[in-house]
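Step one of this worksheet: look at the structure below.
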Amino acid sequence: MKNFDLGITYSEYLSLADEEQMGIIDRFNEQGQLINKDLHKVRNIENKLNILVFGEPRCKDVATEIPFLLKLSELNKNIEVKFLRREGNEELLEDLSGERKVPTFLILNEKGNTVRKYIEFPIGVKEILLNTEKEKVQDIIDNMRKGKYNNLIQEDIIRFLTGENYRYINFTK
Numbered sequence: 001m002k003n004f005d006l007g008i009t010y011s012e013y014l015s016l017a018d019e020e021q022m023g024i025i026d027r028f029n030e031q032g033q034l035i036n037k038d039l040h041k042v043r044n045i046e047n048k049l050n051i052l053v054f055g056e057p058r059c060k061d062v063a064t065e066i067p068f069l070l071k072l073s074e075l076n077k078n079i080e081v082k083f084l085r086r087e088g089n090e091e092l093l094e095d096l097s098g099e100r101k102v103p104t105f106l107i108l109n110e111k112g113n114t115v116r117k118y119i120e121f122p123i124g125v126k127e128i129l130l131n132t133e134k135e136k137v138q139d140i141i142d143n144m145r146k147g148k149y150n151n152l153i154q155e156d157i158i159r160f161l162t163g164e165n166y167r168y169i170n171f172t173k
């Protein structure tokens, strides 16, 4: 399928990380544990979902959020996830999403066009950031990376996967 077939497996994506980056990825993977809320919604997805993820092994936001997408995708054989680095794929990322931010998760249709997009932060965190003084934005992002908003990450990715009550809002720091 166009665009989706350009992606690589998660193992191949991890092979792009250096030792320090792998340490960060491993730490965030352990931190990113699913809570037993709305998992049945993911298990009940009947349509095939082809998800193309744009990321960078060095990005802590990517390392924070990917574990949730991967663990949720393991609950349903209809969900397939592939990866591309942003570096070297900036134009494709912008063509498909309208932005160049990571992480970007895209559900692609059979023609390789974007059906839904999840970009950078879950909507709950974006709403907090939009109502936060500029000087405190980094504190919120750091708290997300420490696991404070894991429930918001999981909830938004479930909505992204199911399409149920999902909405995207743009956010610029």
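Under the working numbering, the first residue of the sequence shown carries the number 1, and numbering increases by one thereafter. We put the beta carbon where it would ideally sit given N, CA and C, even for glycine.
Inset, instruction - Leaving out five residues on either side along the sequence, give the residues of the same chain with a beta carbon under 7 Å from the beta carbon of K174. - result: Since the first and last residues shown for the chain are 1 and 173, residue 174 lies out of range.
Inset, instruction - Report buried or exposed for N44, applying the criterion of at least 16 other Cβ atoms within 10 angstroms of its Cβ. - result: Here residue 44 corresponds to residue number 44 of the sequence shown, with the count starting at 1. So N44 counts as exposed.
Inset, instruction - Can you give me the start and stop residues for the alpha helix (DSSP H) that I141 sits inside? - result: For the purposes of this step, residue 141 is identified with residue 141 of the sequence shown, where counting begins at 1. Segment V137 to R145, the alpha helix (DSSP H) holding I141.
Inset, instruction - Specify the secondary structure class of N29 as computed by DSSP and reduced to three states. - result: For the purposes of this step, residue 29 is identified with residue 29 of the sequence shown, where counting begins at 1. In the structure shown, N29 sits in a helix (DSSP, three-state: H, G or I).
Legend entry - Reference K82, options F68, K60, E94 and L106, closest by Cα: Position 82 of the sequence shown, counting from 1, holds the residue named residue 82. It is L106 whose Cα lies nearest to the Cα of K82.
Legend entry - Proximal residues to L130 (C-beta, below 6 Å), its chain only, five neighbours per side dropped: As a first step, residue 130 is located in the sequence shown; it is residue number 130 there, counting from the start. Correct list: empty, nothing qualifies.
Inset, instruction - Check each candidate in F68, K146 and K41 and name the one with the smallest Cα separation from Q33. - result: Your numbering for residue 33 matches position 33 in the sequence shown. The residue with the shortest Cα to Cα distance from Q33 is F68.
Inset, instruction - Return the residue from the list P122, E155, G147 and Y149 that minimises the CA-CA distance to I169. - result: Along the sequence shown, one-based indexing puts residue 169 at 169. I169 has its Cα closest to that of P122, out of P122, E155, G147 and Y149.
Legend entry - R85 and L93 closer than 7 Å at C-beta: In the sequence shown, the residue the question calls residue 85 occupies position 85. In the sequence shown, the residue the question calls residue 93 occupies position 93. Against a cut-off of 7 Å, the Cβ pair of L93 and R85 comes out as no contact.
Inset, instruction - List the endpoints of the continuous beta strand (DSSP E) containing K117. - result: The residue you call residue 117 lines up with position 117 of the sequence shown. Run containing K117: T114 to I119, per the beta strand (DSSP E) assignment.
Inset, instruction - Inspect the beta-carbon positions of L161 and V42 and report whether they are closer than 7 Å. - result: Taking the first residue of the sequence shown as 1, we reach residue 161 at position 161. Taking the first residue of the sequence shown as 1, we reach residue 42 at position 42. Contact flag set, yes.
Legend entry - Helix, strand or coil at R86 according to DSSP, with G and I counted as helix: Translated into the one-based positions of the sequence shown, residue 86 becomes position 86. In the structure shown, R86 sits in coil (DSSP, three-state: anything other than H, G, I, E or B).
Legend entry - For L75, the three-state DSSP class (helix, strand or coil): In the sequence shown, residue 75 corresponds to position 75, counting from 1. Note: L75 maps to coil in three-state DSSP.
Legend entry - F160: first and last residue of the uninterrupted beta strand (DSSP E) it sits in: Residue mapping note: residue 160 aligns to position 160 of the sequence shown, counting from 1. Taken as a continuous stretch (DSSP letters only), F160 belongs to no beta strand (DSSP E), being part of the alpha helix (DSSP H) at N150 to T162.
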